[in-house]
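*Asks:* This note's numbering puts the sequence shown at residues 364 to 565.
For every residue, glycine included, the Cβ atom is placed at its ideal position computed from N, Cα and C.
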Amino acid sequence: DGWNEDSSLVAIHMPVRQPSVDHQVSYFGDFQIYRKGAWAVTHPLSYAGPSLRGDGTNTMIIGSFSSMAQFKGVTAYEYGAGGAYTYIAGTTAGQKSSEGAYDPPPTFLHEWTRSILYLPSKHKRSDTIVVYDRANAHHPMDLPKFERYRRASPDEQSAILDMPALKQWVIHSPVEPMLASDGISWSTPEGQQVEVTTLLPQ
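#1: Does the region 403-417 come within contact of the region 497-516, defined as at least 3 CB pairs closer than 8 Å?
#2: Since Ala-452 and Arg-477 are thought to touch, with beta carbons under 8 Å apart, how far apart are those beta carbons, to the nearest angstrom?
#3: Where do the N-terminal and C-terminal ends of the beta strand (DSSP E) with Gln-433 fall, by residue?
#4: Would a C-beta distance cut-off of 8 Å place Asp-418 and Val-533 closer than the cut-off?
#5: Counting beta carbon pairs with one atom in the region 468-476 and one in the region 486-494, are three or more of them shorter than 8 Å?
#6: Starting from the C-beta of Trp-402, find all residues in its chain whose C-beta is less than 8 Å away, skip the five residues before and the five after it, and write them out in chain order.
#7: Return the CA-CA distance between Leu-372 and Thr-405, expressed in angstroms with no decimal places.
#8: Following the continuous alpha helix (DSSP H) through Ala-522, name the residue where it begins and the one where it ends.
#9: For my contact list, Leu-524 and His-502 are in at a C-beta cut-off of 8 Å; report their separation, rounded to the angstrom.
#10: Here's the rule: buried if 16 or more other CB atoms are within 10 angstroms of the residue's CB, otherwise exposed. What is Leu-563?
#11: Candidates Glu-558, Ile-479, Ala-432, Lys-435: which alpha carbon is nearest Ser-544's?
#12: Can you tell which of Glu-368, Leu-542, Val-388, Ser-414 has the C-alpha that lies nearest to the C-alpha of Met-377?
#13: On a Cα-Cα basis, can you pick out the residue from Lys-399, Asp-364, Met-423 that is closest to His-535?
#14: Specify, as a first and last residue, the run of the beta strand (DSSP E) that Asn-499 falls within.
Encoded structure:
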């Protein structure tokens, strides 16, 4: 929203489906906020490992995975006049296994659409991000061919068996957050106050 020390950078990443390449990311709908010279919402950054997956980014995990190999792409984007807002939406769905995989397990994620609206403030005292997730998914264990999920690294079967919920919302904070019944909050070392409020689930 500007180029001075009080400005904010909001980065939203919805990678589209690509041919399989080495170190390709498997997450979808990630976002970060850098404001007043420091990270307010961020996540681990690395060449490999969790930062390539949903659990290492600010996104959702559904059935222990973040995006499907069959389809993912940006479906809409819009910018308000004078930078009044930024809106982007994308969808992933379909088969988890890469195209051409032998005898894959059935599709469990029929649709996950993530919409993100960024609202800067004219006085530069706050930034607001509204995230809306809509997902239609079955539990992978309720479908046949569970044994077709990989046991090698990464161990997909163990990830599915160990997941605490079918749908998980992940957000990383640069410091340990405070957990309360009505949300999550933290204060960065630079004194910025960050609050996460969920409408659903309560």
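*Replies:* Reading it off the structure:
#1: Under the three-pair Cβ rule at 8 Å, the region 403-417 does not count as touching the region 497-516.
#2: Locating residue 452 in the sequence shown gives position 89, where the first residue counts as 1. Locating residue 477 in the sequence shown gives position 114, where the first residue counts as 1. Yes, Ala-452 and Arg-477 are in contact; Cβ-Cβ is about 7 Å, under 8 Å.
#3: As a position in the sequence shown, residue 433 is number 70, starting the count at 1. Premise fails: Gln-433 is in no beta strand (DSSP E) and is neither H nor E.
#4: For the purposes of this step, residue 418 is taken as the residue at position 55 of the sequence shown. For the purposes of this step, residue 533 is taken as the residue at position 170 of the sequence shown. Taking 8 Å as the Cβ cut-off, Asp-418 and Val-533 qualify as a contacting pair.
#5: Result no; under three Cβ-Cβ pairs closer than 8 Å.
#6: Along the sequence shown, one-based indexing puts residue 402 at 39. Cβ within range, chain order: Gln-395, Ile-396, Pro-537, Thr-551.
#7: Here residue 372 is taken as the residue at index 9 of the sequence shown, counted from 1. Here residue 405 is taken as the residue at index 42 of the sequence shown, counted from 1. For Leu-372 and Thr-405, the gap between their C-alpha atoms comes out near 12 Å.
#8: The sequence position of residue 522 within the sequence shown is 159, counting from 1. That run of the alpha helix (DSSP H) goes 519-525.
#9: In the sequence shown, counting from the first residue as 1, residue 524 sits at position 161. In the sequence shown, counting from the first residue as 1, residue 502 sits at position 139. Contact between Leu-524 and His-502 does not hold, since the beta-carbon distance rounds to 11 Å and is not under 8 Å.
#10: Numbered from its first residue, the sequence shown carries residue 563 at position 200. The C-beta of Leu-563 has fewer than 16 other C-beta atoms within 10 Å across all chains shown, which makes the residue exposed.
#11: Here residue 544 refers to the residue found at position 181 of the sequence shown. Comparing alpha carbon positions, the residue from Glu-558, Ile-479, Ala-432, Lys-435 closest to Ser-544 is Glu-558.
#12: For the purposes of this step, residue 377 is identified with residue 14 of the sequence shown, where counting begins at 1. For the residues Glu-368, Leu-542, Val-388, Ser-414, the minimum Cα distance to Met-377 belongs to Val-388.
#13: Here residue 535 refers to the residue found at position 172 when the sequence shown is read from its first residue. Nearest in C-alpha terms to His-535, of all of Lys-399, Asp-364, Met-423, is Met-423.
#14: Taking the sequence shown and counting its residues from 1, one reaches residue 499 at position 136. Segment 490-500, the beta strand (DSSP E) holding Asn-499.
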